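Keeping their order, the protein sequence lines are chains A and B.
For the first sequence, the working numbering assigns the number 305 to the initial residue and increments by one for each residue that follows.
For the second sequence, the working numbering assigns the number 2 to the initial residue and increments by one for each residue that follows.
Scroll down for the structure; my scribbles are underneath it.
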Amino acid sequence: MVRLVVACGGGIFTTTMVSDQVKDIMKKAGIQCTVTPAKLTEIAGIADADLIIVTGKFGTKTNNVANTPIIIGMSLVTGVGSEKFAEELVQKVKEIEEAK
Amino acid sequence: METLKMVIDLFGPTIFVPVVVFILSICMKVQANKAFRGALMMGIGLTAFNIILGGLMGSLGPIVTEMVNSTGVNLPGIDIGWPAASIICYANYIGLFFIPFGLVFDLVLFMTKWTDTFHPTDIWNYYFFIFWAAIVQIVTGSFWMGVAAGMLLNLYLLLLSDWIAPAMECFYGYQGVVSTCYCSVNSVPFTILIKWILKKLKLDKITLNPEQIREKFGFWGEPVTMGLMIGLVVAIVAKWHNLGSLENWATILKTGIVTGAVMAIYPSVSGLFVKGLIPITQTLNARMRSGEMTRKNMYIAIDPAVFFGEESTLATGLILIPVFLAFAILLPGNIVLPLADLPALPFMVIGIVTVMEGNIFGSVIAGVLWLGIGQLMNSEVAPIFTEAAKSVDAIPASAGDALVTCLLVGHNPFGWIVYKAFAMPGAAKFMAIGALVLIYFVAYFAFQKNRKAWQLAAGANEEYFEEKEAIWKEAQNKKNA
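Here is the structure:
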């Protein structure tokens, strides 16, 4: 089980938008995962996630307590390059799954 | 008409909001099953939200009332935050009406090239001006006055978006998108002024480090911590006269837990509510993107959440949270206790940071002044918005004399001035409204005439315009070939 977190400014609109698509992508790839919503301001303290997906720009040098990798999923908001992003995401999640 | 009103009253917003959104989704060619699921979730979100806000107001309302009565700390207005304000706005008739009506109005404005911003993709944030339309409806007693106010505000909003779009693209680096959320763009003219003053005073070269700020102030951005803290502090102040009583301490601790809990649950409930509008947004977005480039200037509206996390934006917003709290206590005339929207402050500085081109010092100066102005406006509209909330049963009777408002949405000088004009008595009203319409047209044509200069002043750079020109030429050549 891979634990994903999706975060945006308010943890609501774009987070829900991206979360639903991430769930679809994972389902198609046959990967079991949990998707939890969060706010960007909460990222520093998230200790129980394997990968954090942010919906827009976010400072690259964030000090997350658990050093969880962070990727930008803006393409799922705008729709531009969403297929390429989906491939990359599946790849990344598979790597995490194997490392576990 | 009467029968229709009776039917709507009988079923209430939890039924009607999803029905309207479902029909609209089908009209916008969203897949039927997606539209149905989305609309259903919206009704469920609305219901769940009423329960949660009832919990918050039932617990914090009496405490705030007691604080005002027993200590003289006059902060009866509770900031219930934008997730709650949005739901109250859409649950009111005028909000429900504006979802399809505003969408069509915006489509017409875009198709006729009156504006370059395609607004319907950010339909979710319509509530920022629907809030003021509802205020106008309540003070004038006329639904159509409210609609007129909403339309005027929509026009002003799109002018601001067209104005700031190139600067946003330059600063944030997202191509072809702009925020059409009032709280993120209404600061543009004001910030341009402050930027000019700072330059005259030679204070525009001071730089601050966003990373350090985030480390020091990060704690202020955690919603649950903030909710817990504010709940505890308010309850302690309210019970100050008798802190020896064990019973009072039980109330104090419970209040803290309830406010913390509400902050924790808000996103998931609001997340259900927005599901109804997401399919419309996505369908429109895809259609806009797939179309060939037929216009030189075109900006697609996007939710401001994608701008929130940029370093300078987040840093400026975090610094302003304690400042805002201090304002609440020290600013004469303020009656609003900041709460749920505190962690959302970075949304309010998006326009400021854009105009300041990421300079945090300048952004904080502009932000402090801007927030001060907004607090006073919010204090004025809190009693009226409370009426709007009560009319959709969002506030339980146990809340007592407590008022509700929302920092982000009530902080809007454009909305405030429109409300003031519509609230005038007799013939003065029509003169004031006429003046606002006239100002809009003058500003609109001045902007169209000096586009580039205005956009440069808002923080865009020369390279942007050169690049745009080159891309446009290439597209034209391709078309001709």
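All residues carry an ideal CB built from backbone N, CA and C; glycine is no exception.
As the structure is a prediction and not an experimental result, all values here were calculated from the model.
> Touching or not, the stretch 144–162 of chain B and the stretch 107–119 of chain B, by the rule of three or more beta carbon pairs under 8 Å?
Replying inline: yes
>> Under 9 Å, CB to CB, which of the residues in the stretch 147–181 of chain B have a partner in chain A?
In response: 173, 174, 175, 176, 177, 178
> In chain order, what residues of the same chain have a beta carbon less than 8 Å from the beta carbon of residue 431(B), not counting five sequence neighbours either side?
Replying inline: The residue given as residue 431(B) occupies position 430 in the second sequence. Here the set comprises nothing.
> For residue 300(B), which beta-bridge partners are listed by DSSP?
Replying inline: Within the second sequence, the letter at position 299 stands for residue 300(B). Residue 300(B) pairs with 118(B).
> Which residues, in order along the stretch 306–326 of chain B, keep a beta-carbon less than 8 Å from a beta-carbon of chain A?
Replying inline: 306, 307, 308, 309, 310, 311, 312, 315, 319
> Leaving out the 5 sequence neighbours to the left and right, which residues in its chain are closer than 7 Å to residue 466(B) when beta-carbon positions are compared?
Replying inline: For this step, residue 466(B) is matched to residue 465 along the second sequence. Same-chain partners within the cutoff: 453.
> Enumerated in chain order, which unbroken segments of the alpha helix (DSSP H) with a length of 4 residues or greater are wholly contained in the stretch 17–94 of chain B?
Replying inline: 33–72, 82–92
> With a Cβ-Cβ cutoff of 9 Å, do residue 319(A) and residue 306(A) count as a contact?
Replying inline: Counting from 1 along the first sequence, the entry for residue 319(A) is found at position 15. Counting from 1 along the first sequence, the entry for residue 306(A) is found at position 2. In this structure, residue 306(A) does not lie closer than 9 Å to residue 319(A) by Cβ.
> With residue 126(B) and residue 382(A) assumed to form a contact (beta carbons below 8 Å), what rounded beta-carbon distance in angstroms separates them?
Replying inline: By one-based count along the second sequence, residue 126(B) stands at place 125. By one-based count along the first sequence, residue 382(A) stands at place 78. That belief does not hold up - the Cβ atoms of residue 126(B) and residue 382(A) are roughly 16 Å apart, past 8 Å.
> Going along the chain, which residues of its own chain have a beta-carbon closer than 6 Å to the beta-carbon of residue 54(B), five neighbours each way excluded?
Replying inline: The residue labelled residue 54(B) in the question sits at position 53 within the second sequence. Excluding sequence neighbours, residue 54(B) sits near 85, 395.
> Buried or exposed: which applies to residue 352(A), given that a residue is buried once 16 or more other Cβ atoms fall within 10 Å of its Cβ?
Replying inline: Residue numbering aside, residue 352(A) sits at position 48 when the first sequence is read from its first letter. With fewer than 16 Cβ atoms within 10 Å of its Cβ, residue 352(A) is classed as exposed.
> With residue 310(B) and residue 358(A) assumed to form a contact (beta carbons below 8 Å), what rounded beta-carbon distance in angstroms separates them?
Replying inline: Counting from 1 along the second sequence, the entry for residue 310(B) is found at position 309. Counting from 1 along the first sequence, the entry for residue 358(A) is found at position 54. Between residue 358(A) and residue 310(B) the Cβ distance is about 6 Å, and since that is below 8 Å, they are a contact.
> With a cut-off of 9 Å, does the C-beta of residue 387(A) fall near any C-beta of chain B?
Replying inline: Position 83 of the first sequence, counting from 1, holds the residue named residue 387(A). No - not a single Cβ of chain B is within 9 Å of the one on residue 387(A).
> Quick one: which chain A residues come within Cβ less than 8 Å of residue 223(B)?
Replying inline: Sequence index remark: in the second sequence, residue 223(B) carries index 222 (1-based). The answer, in chain order, is 345, 346, 349.
> Which term fits residue 393(A), buried or exposed, when burial requires 16 or more other beta carbons within 10 angstroms of its beta carbon?
Replying inline: Here residue 393(A) corresponds to residue number 89 of the first sequence, with the count starting at 1. With 16 or more Cβ atoms within 10 Å of its Cβ, residue 393(A) is classed as buried.
> For residue 95(B), which option in 63(B), 81(B), 148(B) has the closest C-alpha, if you only look at C-alpha atoms?
Replying inline: Within the second sequence, residue 95(B) is the residue found at index 94, counting from 1. The candidate whose alpha carbon is nearest that of residue 95(B) is 148(B).
> In chain B, what lies closer than 7 Å to residue 337(A) by C-beta?
Replying inline: By 1-based counting over the first sequence, the position of residue 337(A) is 33. The premise fails here: residue 337(A) is roughly 18 Å from chain B at the closest Cβ pair, so nothing lies under 7 Å.
> Closer than 9 Å, CB to CB, is residue 372(A) near chain B or not?
Replying inline: Here the question's residue 372(A) lines up with position 68 in the first sequence. So, not an interface residue.
> Hey, residue 231(B) and residue 340(B) are a contact pair by Cβ (cut 8 Å); roughly how many whole angstroms apart?
Replying inline: Walking along the second sequence from the start, residue 231(B) turns up at place 230. Walking along the second sequence from the start, residue 340(B) turns up at place 339. About 5 Å separates the two Cβ atoms, so the contact holds.
> Terminal residues of the continuous alpha helix (DSSP H) containing residue 430(B)?
Replying inline: In the second sequence, counting from the first residue as 1, residue 430(B) sits at position 429. Residues 427–450.
> Applying a beta-carbon distance threshold of less than 9 Å, which residues of chain B neighbour residue 361(A)?
Replying inline: Along the first sequence, one-based indexing puts residue 361(A) at 57. Within chain B, the residues near residue 361(A) are 173, 174, 175, 307, 308, 309, 310, 311, 312, 314.
> Under a Cβ-count criterion, where at least 16 other Cβ atoms within 10 Å of its own Cβ denotes burial, should residue 67(B) be classed as buried or exposed?
Replying inline: Translated into positions along the second sequence, residue 67(B) becomes position 66. Label assigned to residue 67(B): buried.
> chain A beta carbons: is any one of them nearer than 9 Å to that of residue 283(B)?
Replying inline: Translated into the one-based positions of the second sequence, residue 283(B) becomes position 282. Cβ-Cβ to chain A under 9 Å: yes for residue 283(B).
> Taking Cβ-Cβ distances shorter than 7 Å, what residues in chain B pair up with residue 400(A)?
Replying inline: As a working note, residue 400(A) is residue 96 in the first sequence. Under the 7 Å cutoff, chain B gives no residues; its nearest Cβ is about 22 Å from residue 400(A).
>> In the DSSP assignment, the beta strand (DSSP E) including residue 180(B) goes from what residue to what residue?
In response: Along the second sequence, read from residue 1 onward, the residue named residue 180(B) stands at position 179. Residue 180(B) -> beta strand (DSSP E) spans 178–180.
> At a Cβ threshold of 9 Å, is residue 18(B) touching chain A?
Replying inline: In the second sequence, counting from the first residue as 1, residue 18(B) sits at position 17. Chain A, which has no Cβ nearer than 9 Å to the Cβ of residue 18(B), makes this no.
> Applying a beta-carbon distance threshold of less than 7 Å, which residues of chain A neighbour residue 271(B)?
Replying inline: Position 270 of the second sequence, counted from the first residue, corresponds to residue 271(B). Near residue 271(B) (Cβ distances below 7 Å), the residues of chain A are 316.
>> If we define contact as Cβ-Cβ less than 9 Å, is residue 369(A) a contact residue for chain B?
In response: Locating residue 369(A) in the first sequence gives position 65, counting from the first residue. No - not a single Cβ of chain B is within 9 Å of the one on residue 369(A).
> With residue 139(B) and residue 385(B) assumed to form a contact (beta carbons below 8 Å), what rounded beta-carbon distance in angstroms separates them?
Replying inline: Indexing the second sequence from 1 puts residue 139(B) at position 138. Indexing the second sequence from 1 puts residue 385(B) at position 384. Yes, residue 139(B) and residue 385(B) are in contact; Cβ-Cβ is about 5 Å, under 8 Å.
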